[in-house]
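J.: Can you read through this structure? Questions will come right after.
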């Protein structure tokens, strides 16, 4: 972090993230912001079929929930065993 700050690389990151937020800022100024996070960026045409789009939204939410559950399991494993997940895999011994 300190090296990135000293070499001014953090300004590049800030500028790029600012570019990513440009669509949001335009909608904010126009007053068309509806709170959904949709800024109209759809180069793959995923919204052409509304039924498939709705199913993909549900899949994305379920995927996010599963990822949070998996991370919670990894965290609890580390707290209980005092070893990281990678350390435990390296020292894996089967039960039988």
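In our numbering, the protein residues as written are 8 to 103.
C-beta: ideal position from N, C-alpha, C; glycine also.
Remember, predicted model here, so these are calculated numbers, not experimental data.
Taking only the alpha-carbon atoms, compute the straight-line gap between residue 30 and residue 47 and give it to the nearest angstrom.
T.: If I take the Cα positions, the gap works out to 8 Å.
J.: For the alpha helix (DSSP H) holding residue 58, just list the boundary residues, first then last.
T.: Looking at the DSSP string, the run of the alpha helix (DSSP H) that includes residue 58 is 57-88.
J.: With DSSP as the reference, label residue 54 as helix, strand or coil.
T.: The answer is coil: DSSP assigns residue 54 none of H, G, I, E or B.
J.: Terminal residues of the continuous alpha helix (DSSP H) containing residue 31?
T.: Per DSSP, residue 31 belongs to the alpha helix (DSSP H) from 29-37.
J.: Return the Cβ separation of residue 34 and residue 27 in integer angstroms, given the expectation that the two are a contact with Cβ distance under 8 Å.
T.: With a Cβ gap of about 13 Å, residue 34 and residue 27 do not count as contacting.
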